[in-house]
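Asker:
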Amino acid sequence: MEKIVECVPNFSEGRNSQVIKAITDEIKNVENVVLLDVDPGQAANRTVVTFAGEPEAVKEAAFRAIKKAIELIDMRKHKGEHPRLGAVDVVPFVPIKGITMEEVVKLSHEVAERVAKELGVPVYMYEYSATKPERKSLADIRKGEYEGLPEKLKDPEWKPDYGEPVFNPKSGAMVMGARDFLIAYNINLNTKDKKLAHKIAKEIREKGKLVKQEDGTKVRVPGKLKHVRAIGWYIEEYGIAQISINLTNYKETPLWKVFETAEEEAQKLGLRVTGSEIVGLVPLDAILETGKHFLEKQGKSRGIPEKEIVDIAIKSLGLNDVAPFEPEKKIIDYMLKDPLREWLRRMTLTEFSDELSTDSPAPGGGSVAALLGALSGALSSMVANLTHGKKKYKEVWEKIEEVAIKGQKFKDQYLELIDEDTMAFNEVMAAYSLPKKTEEDKKKREEAIKEASKKATLVPLKVLRYTRDLLEISEIAAKNGNVNSISDAGVAAITAQGCARGAYLNVIINTSSIDDEEFREKVNSEAESILNEVEQKAEEIYTYVRNKINESK
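Using this note's numbering, read the sequence shown as starting at 426 and increasing by one per residue.
1) Please look up how many angstroms separate the CB atoms of A537 and L574, rounded, as I've assumed it's under 8 angstroms.
2) Go ahead and pull the three-state DSSP assignment for K819.
3) Which residue or residues does DSSP assign as beta-bridge partners of Q667?
4) May I ask you to verify whether the segment 486-504 touches the segment 586-603, counting CB pairs closer than 8 angstroms and requiring at least 3?
5) Measure the alpha-carbon distance for K725 versus F719 and round it to whole angstroms.
6) Would you call the CB atoms of L769 and T847 closer than 8 angstroms?
7) Going by C-alpha distance, which of R509, V548 and E427 is nearest E479?
8) Taking the continuous beta strand (DSSP E) assigned at R630, which residues delimit it?
9) Out of curiosity, what's the CA-to-CA distance linking L532 and K557?
10) Considering only the beta carbon of each residue, do I668 and N611 sit closer than 8 angstroms?
11) Pick out the complete alpha helix (DSSP H) segments inside the segment 473-501, 4 residues or longer, and give them in chain order.
12) Could you work out which residue in Y571, L895 and M772 is closest to G915 when comparing CA atoms only?
13) Am I right that V458 and A486 are in contact with their C-beta atoms under 8 angstroms? What's the rounded C-beta distance?
14) Report yes or no: do three or more beta-carbon pairs, one from the segment 896-916 and one from the segment 799-817, lie closer than 8 angstroms?
15) So the candidates are A666, G700 and E841; which of them puts its Cα closest to the Cα of R771?
16) Rank T936, P885, E871 and A711 by C-alpha distance to the C-alpha of P520 and give the top, closest one.
17) What is the DSSP secondary structure of N909, counted as helix, strand or coil?
18) Give the single residue among L696, K904 and G789 whose Cα lies nearest to the Cα of Y967.
19) Specify the secondary structure class of T569 as computed by DSSP and reduced to three states.
20) List the residues that DSSP assigns as beta-bridge partners of L460.
21) Have a look at K861 and S938 and give me their C-alpha separation to the nearest angstrom.
22) At the level of alpha carbons, what is the spacing between T783 and K962?
23) State the beta-bridge partners of V548 as determined by DSSP.
24) Which same chain residues end up closer than 6 angstroms to Y553 when comparing Cβ atoms and leaving out the 5 residues on each side of it in sequence?
25) With distance defined between alpha-carbon atoms, name the residue in G791, Y818 and E721 nearest to A989.
26) Would DSSP call S701 helix, strand or coil?
27) How is the alpha helix (DSSP H) around I737 delimited, first residue to last?
28) Measuring only the C-alpha atoms, how far is L761 from A626?
29) So I629 and V707 are supposed to be a Cβ contact under 8 angstroms. How far apart are they, rounded?
30) May I ask you to report which of helix, strand or coil DSSP gives I939?
31) How about the segment 721-736 and the segment 688-700: do they share at least three Cβ pairs that are nearer than 8 angstroms?
32) Can the beta-carbon of D586 be found closer than 8 angstroms to that of V548?
33) Rounded to a whole number of angstroms, what is the C-alpha to C-alpha distance between N909 and V473?
34) Among the candidates E876, V747 and I495, whose CA atom is the shortest distance from the CA of F436?
35) Rounding to the nearest angstrom, what Cα-Cα distance links A555 and M601 in this structure?
36) With H, G and I counted as helix, E and B as strand and the rest as coil, what does DSSP make of F850?
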């Protein structure tokens, strides 16, 4: 998924498993959404649900879950320890990948408006979605809770952001908004003394500590790290003290910064940090940022495969110290991956070649063209990594590391396109298989074929567009990289050219069957222009590399 949003609705029901299942089934039934966690609490009589997926799908899943909860939960009968405002207490949306906070704020307002209009429930907006400063805090909006809501709604200052200021006794009201991702993070110490752990917590957390002055008064001194809430505690299960942390904005205060600051403070007390643990889930970019930080400290190139960067982060933070850290179960982005969309790229070379050789028309030339693109990006990255860190090439380290990073990016994009090309072709075949008994059937079939054919054309066009970037980095690798690997940079250019030619052929064969003349001419013109540009540049790089090799004989 290019864009990922997380939603963590809190429902005022934690005891009736049938009601909880009915709500979560609504989420499961929405495509492009994955239900990640369901956490019911008996005493609180509250269930926290976590799901994530593509923005539009998350909007729909959130609305359906809210609608079902409004239908099944009666607040007139609800009792529980946790503060709450209604049947659906709070619905936060969190940007995870490829989407801005501004976009998620807009999304939250759209869901809130629909809830108020269609379900008749008043909605207050909080955090980044707040319409007034005094409504930013969830605790402030919740004051008085459900029982105080009738009087609250009479106050003009507390008019809902969406919906009428009318008390709904069955459902109450709800709070909705966009917030940052919260990482629950514990740092392990080589001590059982929770007081020492708490002492470190007070030094690093944003609110800091109270310091007694000469006159006996106490003044709060801020801690070292913003967006950090922390306490010290002792975990009997592990037999160690931990600094328990809620990191509310990992983009401004990254995980590695929290870890290293805690290490510094621990050393002052004669302690050692032995590792750390992430409770719940973590976004991939938080882990990648950490891995890249430690690679940079080691003087290593950051342009290495994602899997290796993740592994460096796990080792550097000691995430396996008290329990195994399994990336596929702890990183949200990996949990959302659809194996069916990674069918081909997960194959071995033999398996892929065997599948390619059968009488099935897909995978075919389009997927092979994308594979050539992946190989080109990988080769340029290899040359760059064989150059970075070598003293002889110190002047170009920065430039060449950028090649390594871009090469990995293009490699991953092309690997995705291997499957995307085959899936697009399969959609065309599925459209041709639609019924055509009635005139209405025929019309729907023709429209489906038209749309699927356009999509199948745009995939190889995307493959073709990236080839210009592939040649740009292969040229830099050839002219600045380790001279012993110049032939590899040349092969990167050749495979990029092969990728472009293969993608071009797939574009023009697909457009030949599309009767939308404007679309066909526009796509063919762009494809022709890119191919000509690529052909010229690829030949230039190949000639340069060949001449350099001949000169060295």
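All C-beta atoms in this analysis are idealised placements derived from N, C-alpha and C, irrespective of residue type, glycine included.
The model shown is predicted, which means the values in this text are computed figures rather than measured ones.
Answerer: Well, looking at it:
1) Position 112 of the sequence shown, counted from the first residue, corresponds to residue 537. Position 149 of the sequence shown, counted from the first residue, corresponds to residue 574. Contact doesn't hold; Cβ gap of about 17 angstroms is too wide.
2) Start at 1 with the first residue of the sequence shown, and residue 819 comes out as number 394. Three-state DSSP puts K819 in a helix.
3) Counting from 1 along the sequence shown, the entry for residue 667 is found at position 242. Within the DSSP secondary-structure output, Q667 pairs in a beta bridge with N613 and W658.
4) Touching, per the Cβ criterion.
5) As a working mapping, residue 725 is identified with position 300 in the sequence shown. As a working mapping, residue 719 is identified with position 294 in the sequence shown. It is roughly 9 angstroms from the alpha-carbon of K725 to the alpha-carbon of F719.
6) Stepping through the sequence shown from its first residue, residue 769 is reached at position 344. Stepping through the sequence shown from its first residue, residue 847 is reached at position 422. Less than 8 angstroms separates the beta-carbon of L769 from that of T847.
7) Along the sequence shown, one-based indexing puts residue 479 at 54. For the options R509, V548 and E427, the alpha carbon positioned closest to that of E479 is the one of E427.
8) Here residue 630 refers to the residue found at position 205 of the sequence shown. Unbroken run through R630: none, as it is neither H nor E.
9) Within the sequence shown, the letter at position 107 stands for residue 532. Within the sequence shown, the letter at position 132 stands for residue 557. Answer to the nearest angstrom: the Cα atoms are 18 angstroms apart.
10) As a working mapping, residue 668 is identified with position 243 in the sequence shown. As a working mapping, residue 611 is identified with position 186 in the sequence shown. The Cβ-Cβ distance between I668 and N611 falls below 8 angstroms.
11) Correct list: 480-497.
12) As a position in the sequence shown, residue 915 is number 490, starting the count at 1. Answer by Cα proximity: L895.
13) Within the sequence shown, residue 458 is the residue found at index 33, counting from 1. Within the sequence shown, residue 486 is the residue found at index 61, counting from 1. Contact annotation, V458 with A486: C-beta distance approximately 5 angstroms; criterion of less than 8 angstroms satisfied.
14) By the Cβ test, the segment 896-916 is in contact with the segment 799-817, since at least three Cβ pairs between them sit closer than 8 angstroms.
15) Looking up residue 771 in the sequence shown gives position 346. Here the closest residue by C-alpha is E841.
16) Mapped onto the sequence shown, residue 520 falls at position 95. The shortest C-alpha separation from P520 is found at A711.
17) For the purposes of this step, residue 909 is taken as residue 484 along the sequence shown, with counting starting at 1. DSSP places N909 in helix when its eight states are reduced to three.
18) Here residue 967 corresponds to residue number 542 of the sequence shown, with the count starting at 1. Nearest C-alpha to Y967: K904.
19) Taking the first residue of the sequence shown as position 1, residue 569 is located at position 144. Residue identity check: residue 569 is Gly in the sequence provided, not Thr. In the structure shown, G569 sits in coil (DSSP, three-state: anything other than H, G, I, E or B).
20) As a working note, residue 460 is residue 35 in the sequence shown. In the DSSP assignment, the residues bridged to L460 are F476.
21) As a first step, residue 861 is located in the sequence shown; it is residue number 436 there, counting from the start. As a first step, residue 938 is located in the sequence shown; it is residue number 513 there, counting from the start. Cα to Cα, K861 sits roughly 19 angstroms from S938.
22) One-based indexing of the sequence shown puts residue 783 at position 358. One-based indexing of the sequence shown puts residue 962 at position 537. Roughly 35 angstroms between the two C-alpha positions.
23) Position 123 of the sequence shown holds residue 548. Bridge partners of V548: Y587 and M599.
24) Stepping through the sequence shown from its first residue, residue 553 is reached at position 128. Once the five neighbours on either side are set aside, the close Cβ partners of Y553 are M526, V530 and A603.
25) Residue numbering for the chain in the displayed model covers 426 to 978; residue 989 lies beyond these limits and cannot be assessed.
26) For the purposes of this step, residue 701 is taken as the residue at position 276 of the sequence shown. Residue state, collapsed to three classes: strand.
27) Taking the first residue of the sequence shown as position 1, residue 737 is located at position 312. According to the DSSP assignment, I737 belongs to the alpha helix (DSSP H) that extends over E731 to L742.
28) Mapped onto the sequence shown, residue 761 falls at position 336. Mapped onto the sequence shown, residue 626 falls at position 201. So the alpha carbons of these two residues sit roughly 33 angstroms apart.
29) Translated into positions along the sequence shown, residue 629 becomes position 204. Translated into positions along the sequence shown, residue 707 becomes position 282. I629 to V707, Cβ: 19 angstroms. No contact.
30) In the sequence shown, the residue the question calls residue 939 occupies position 514. If DSSP states are grouped into helix, strand and coil, I939 belongs with coil.
31) With the rule of 3 Cβ pairs closer than 8 angstroms, the segment 721-736 does not count as touching the segment 688-700.
32) Position 161 of the sequence shown, counted from the start, is the residue given in the question as residue 586. Position 123 of the sequence shown, counted from the start, is the residue given in the question as residue 548. Yes. Within cutoff.
33) Position 484 of the sequence shown, counting from 1, holds the residue named residue 909. Position 48 of the sequence shown, counting from 1, holds the residue named residue 473. Answer to the nearest angstrom: the Cα atoms are 57 angstroms apart.
34) Numbered from 1 along the sequence shown, position 11 holds the residue referred to as residue 436. Ranking E876, V747 and I495 by Cα distance to F436 puts I495 first.
35) As a first step, residue 555 is located in the sequence shown; it is residue number 130 there, counting from the start. As a first step, residue 601 is located in the sequence shown; it is residue number 176 there, counting from the start. A direct Cα-Cα distance of roughly 9 angstroms separates A555 from M601.
36) Indexing the sequence shown from 1 puts residue 850 at position 425. DSSP places F850 in helix when its eight states are reduced to three.
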